[in-house]
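Keeping their order, the protein sequence lines are chains H and S. Note that this note's numbering has the first sequence beginning at -19, numbered continuously upward. Note that this note's numbering has the second sequence beginning at -19, numbered continuously upward. Written out below as structure tokens is the structure these notes cover.
Number of protein chains: 2
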Amino acid sequence: MAGERNPETAVVRHEVLHRGKVVDLFVDTIRLPSGKEAIREVVHHPGGVVAIPILDDGRVLLIRQFRYAPQKYILEFPAGKLDSGQPPLETMQRELEEETGYHSGDLRYVLSFHTSPGFCDEVIHLFTASDLTHAGQRLEEGEHILVESYSLEECLHMIRTGDIADAKTILGLLWHRFQNPDFL
Amino acid sequence: MAGERNPETAVVRHEVLHRGKVVDLFVDTIRLPSGKEAIREVVHHPGGVVAIPILDDGRVLLIRQFRYAPQKYILEFPAGKLDSGQPPLETMQRELEEETGYHSGDLRYVLSFHTSPGFCDEVIHLFTASDLTHAGQRLEEGEHILVESYSLEECLHMIRTGDIADAKTILGLLWHRFQNPDFL
């Protein structure tokens, strides 16, 4: 079927504009089936992980940290970038411990999603993290992270008010609510 | 409170690596409170809009199109990039008509979210689009878009199977389900 064919295979030129710490930037010139050329900007990202950390009483953990790109503090689930070679589950356990100070005895893969397929190849893997025990935060230099806990009902209210405005976090919260309709 | 202060204000160097059609790339060197320097890569995106198009019988419209960055066909809600000066609601109405061929008589703002705040400033505004009437697709050159319709139950199943794997689309579907718990 059409879904298996790539209509944009004719790459006329592939320019590497940047190879960076988090992202690379490529600009490809392609030839459309009509014969005309078009530009495709591609931000390459190694992919990431995010977890819904669920305390024994049902509250979830969120972290509040300054994000340089949007220039604001954002309330989000703990997350991290995949390092080459390290499995997503291990990366998630490490990032969860570093950012929230909690170890999960029950970390489970849920699903994966593209964050911005129009220009970026980033895929994020979502986990639930339960059976949490506190071990203490281990932050990298320059990281300032506040750990907060809220009931699911409070989180859903904060989605409505805009206090939670991070896509992976909203997606995770709504998924958690969908899986646990009687949890409130 | 801490949430109102920017701990990364000391920009030592601001490099513009790319000004493009969809994104710009900046690389900033900043000074951390400790005195050490650090790099912040920023992908600048003008922001976008996405709609949940709801047919009178409750089915929703999804479009299937090839996305160059992840190099695959992706099933997603109709969406588009904001053009400077044009209000999000107008952009959404135009993109909805171009991509799906449907005009919405009842287009409503729902909420906004950051797609990837770790490296990008993109914000997407989510709408619901109901009272749909068919007018015909108007695609740009090089756009090949299949329009498909599914029940909400089918969509939720496709999230589980990975056939729907786009963050804004999963978020929109779960939000729609959350708002209409008895809709299935």
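Don't be surprised by glycine CBs; every beta carbon is placed ideally from N, CA and C.
Under 8 Å by Cβ, that's how I've got residue i and residue j pegged, so tell me the actual separation to the nearest angstrom.
i	j	result
H:Leu12	S:Gly122	4 Å
S:Tyr130	S:Val29	About 21 Å; that fails the 8 Å criterion.
H:Leu87	H:Met72	6 Å
S:Gly81	S:Gln117	4 Å
Per DSSP, residue i is paired with what?
i	result
S:Thr71	S:Thr71 pairs with nothing; no bridge assigned.
S:Leu62	S:Leu62 is not bridged to any residue.
H:Ile125	H:Gln45
Quick check: residue i and residue j, are their CB atoms within less than 8 Å of each other?
i	j	result
S:Glu21	S:Thr149	no
S:Leu151	H:Leu151	yes
H:Leu5	S:Leu5	yes
H:Ile144	H:Glu79	no
H:Val(-8)	H:Ile10	yes
H:Leu76	H:Ala31	yes
H:Glu102	H:Ser96	yes
S:Thr108	S:Ile34	yes
S:Phe99	S:Val23	yes
Contact criterion: CB-CB distance below 8 Å. Does residue i meet it with respect to chain S?
i	result
H:Arg(-7)	no
H:Gly65	no
H:Asp37	no
H:Glu102	yes
H:Ala19	Position check: residue 19 of chain H holds Ile in this sequence, whereas Ala was assumed. Cβ-Cβ to chain S under 8 Å: yes for H:Ile19.
H:Ala147	yes
H:Leu154	yes
H:Ala(-18)	Confidence is the limiting factor: at H:Ala(-18) the pLDDT is only 42, short of 50, which leaves the residue's position unreliable and the question unanswerable from this model.
H:Ile139	yes
H:Gly15	no
Shorter than 8 Å from the beta carbon of residue i to some beta carbon of chain H?
i	result
S:Ile125	no
S:Phe107	no
S:Leu132	no
S:Leu151	yes
Return the first residue and the last residue of the beta strand (DSSP E) that residue i is part of.
i	result
S:Lys148	Where S:Lys148 is concerned, there is no enclosing beta strand (DSSP E), although the alpha helix (DSSP H) it sits in stretches over 147 to 159.
S:Arg(-7)	-9 to -1
S:Arg88	82 to 94
S:Lys52	52 to 56
H:His24	17 to 24
H:Val3	It is not in any beta strand (DSSP E) - H:Val3 carries neither H nor E in the DSSP assignment.
H:Ser110	103 to 114
What residue range is occupied by the uninterrupted alpha helix (DSSP H) comprising residue i?
i	result
S:Glu133	132 to 141
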